[in-house]
Every structure is written in C-alpha cells, then in structure tokens.
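Residue numbers (numbering that gives the first Met the number 0): 0 to 285.
Ideal placement from N, C-alpha and C gives every residue a C-beta, glycine not left out.
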Amino acid sequence: MANRPVFVARESAPFYRTMTIDFDWNSGFAKVQKQKNITAMHNEFLRRKPDKKILEISSKSMQEYGNDLSAFFLQKYVPELGKKVPVECVFQSAKTFQKGGPYKDILEVSPREAKRDGRLVTSGMLTGFIFENRVYPLEPKTIFYDYIYINALLENEKLVEEILKYDAFTDIEFNPSKSINCQAKAAACFVGLYRAGLVEKVKDFDTFAELFGVNSKGQPVQTSPKKKEESKISEVIKEGNWIKHKIYGKGKIVKVEKTSLMVDFRMVGKKKIGMEWCLKNCEVLK
C-alpha cells in the first residue's frame, strides 16, 4: 500500500484542500507501472468522491492535456527573452543562493537539464527568487512556484478552458515527504481562484500574495476580527445552507453568484440579496 495527495479546488483560501488517498502500489520505474498507480489512485478517489472530475498532471498522464499542464511543457512568457519557456526552466533559473544565482542561462536549456543543473545543489542555501529583476520571498514555501505556474496558465487560453472542467488534481511523481512544490496543487489553486472570481488578482504578485494572507515579502498580513469573521462566513455561503435575515427570517440558499445570492425564505419566498450585504448582516445557521 502507498498513499499520495489529491489536491481538490476550493473557493476560499488557500484555494485547495488535500485528500490523502491510500491505494495498492505497483513498484517499478517504467511508465506503465506509474500509470497503473495513477489509475489505482484515481479509482479510489472517485469511489469516495464520485461527483468530482480528476486529472493527472505529469508527463505520465494518460488524459488529454495532462501532459500539456505539466511544468515541463506549460509555457511562460519571459519578457527579457521575448519568448515563452517551460515553467520548470523559469522556476529553476530564478533561484538565488548564498553562493550564487540566479542562473539565467537555465532559461535556455531543456526542463530536464534545468532541474538537474549541478549549481542548484552546490551554491549553498536557497535564499529566495529573482525573476524579471524582482525579488520574491521563500515563504510561504510554494508561493513563487504557484505564482509562476498560475500566470503561465493565464497565458494559455485553451488550457484554462480545459483545466476548469476538473475539480481535483494529482501528480504521481510528487512525494510530499521529498518535495515541496507541486504542479497539481498549483492547478487546484488556479481552479479555486477562478471559481471564486479572484483570478484577475493573480497577475500582480502583491495582490496575489494578499490572497494567501501575506505581503509581497512573505510576511503575514494582519486581518481585522471583522474581516476574519466575514471570511469565515463566506466559506459557508453555499447552495443548500441556511441563513437568518434581519427582516425575512430563516431561508435556504438556492443559488450563489459572484455578487449576490438567491434565498428561499420561509416567510416571503425567494429573494435575491447582495453578497456583501449578506456577509455583513446575515447570520449563518448550522
């Protein structure tokens, strides 16, 4: 038996949740063995969540677009080169260390060569990232990788169209005990952000970081108690849940839109109310 994470998109920070799936492991390094493991993991996930659609994102994927969404193939535009290069090359080339970096020449090699560049392990401790003359923080641990991956996705309209058809994502090559950054997690974050109507905020790193509770230096942003409460309430404003209106009394949420929601109140029937007003004035019933 083995276990691996499945990353499921959600519409509130951190915009994904992790489900650990146990499945029978097929040993071996051959592609066919890894694909057997993908199938076993997906089958177990779908047994538990039959209403979800799941996509493997890696070079081993058997699904259309699963390969294209891999960091080895997903392309990110680099202004100083005037062309697109794989996300993996962008990420590795941006690393800065105690004794060197960033190594911009990595932008010109293959993703496999980029990942295996010896300087990445002989230059001392990782200290941060520099991309397009901007410094990016190490913390939160995956924020730069996620930022690069998500913005690369936005540059590929067809892939955006396809990825939004899925709810959950895996990467058979990712082992959380050995690695930190994961393309499947970044993909889940993108879908969560898109469904939450926040995708426009990911283009600028300052606003992107704020979505995850930090500033551009990776430092925690202080949130007022009122904001925290509104955030907590927004997580449960979903179809099927109940709220209590100051005037209309108790009602069941039947439809949620970006700026409003439709509520079927016991006293007066269906009413459309503003999302912002509801967050500030309605009580969420459990």
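Take the alpha-carbon of residue 270 and the one of residue 90: they are about 48 Å apart. Comparing alpha-carbon positions, the option among 2, 8, 146, 1 lying closest to residue 168 turns out to be 8. Collapsing the DSSP output to three states places residue 191 in a helix. For residue 214 and residue 150, the gap between their C-alpha atoms comes out near 18 Å. A direct Cα-to-Cα measurement between residue 197 and residue 139 gives close to 19 Å.
Excluding residues up to 5 positions away in sequence, 188, 191, 192 lie with their Cβ nearer than 6 Å to the Cβ of residue 14 in the same chain. Cα atoms of residue 174 and residue 3: separation of roughly 7 Å, rounded to the nearest angstrom. Assigned with DSSP and collapsed to three states, residue 259 falls in strand.
It is roughly 39 Å from the alpha-carbon of residue 245 to the alpha-carbon of residue 204. Under the three-state reduction of DSSP, residue 67 is assigned to coil, being neither helix nor strand.
Under the DSSP assignment, residue 130 falls in the beta strand (DSSP E) whose first and last residues are 125-130. Restricting attention to beta strand (DSSP E) runs no shorter than 3 residues, the segment 63-108 encloses them at 74-77, 82-85, 94-96, ordered along the chain. Nearest neighbour of residue 103 by Cα position, chosen from 109, 93, 160, turns out to be 93.
Residue pairing by DSSP places residue 54 opposite 168 in a beta bridge. Excluding sequence positions up to five before and after residue 60, its CB lies within less than 6 Å of the CB of 66, all in the same chain and listed in chain order. For residue 4, the enclosing beta strand (DSSP E) stretches over residues 1-8. With the rule of 3 Cβ pairs closer than 8 Å, the segment 66-82 does not count as touching the segment 35-43. Residue burial is scored here from C-beta neighbours: residue 105 has at least 16 other C-beta atoms within 10 angstroms and is therefore classed as buried. Residue environment for residue 145: buried (at least 16 other C-beta atoms within 10 angstroms of its C-beta). Going by beta carbons, residue 251 and residue 262 fall inside the 8 Å limit. According to DSSP, residue pairing for residue 244 in a beta bridge involves 248.
Assignment of beta-bridge partners to residue 15 by DSSP yields 8. It is roughly 14 Å from the alpha-carbon of residue 125 to the alpha-carbon of residue 180. Residue 284 carries a strand assignment under DSSP once its states are collapsed to helix, strand and coil. Looking at the backbone, the Cα of residue 95 and that of residue 21 are separated by about 37 Å.
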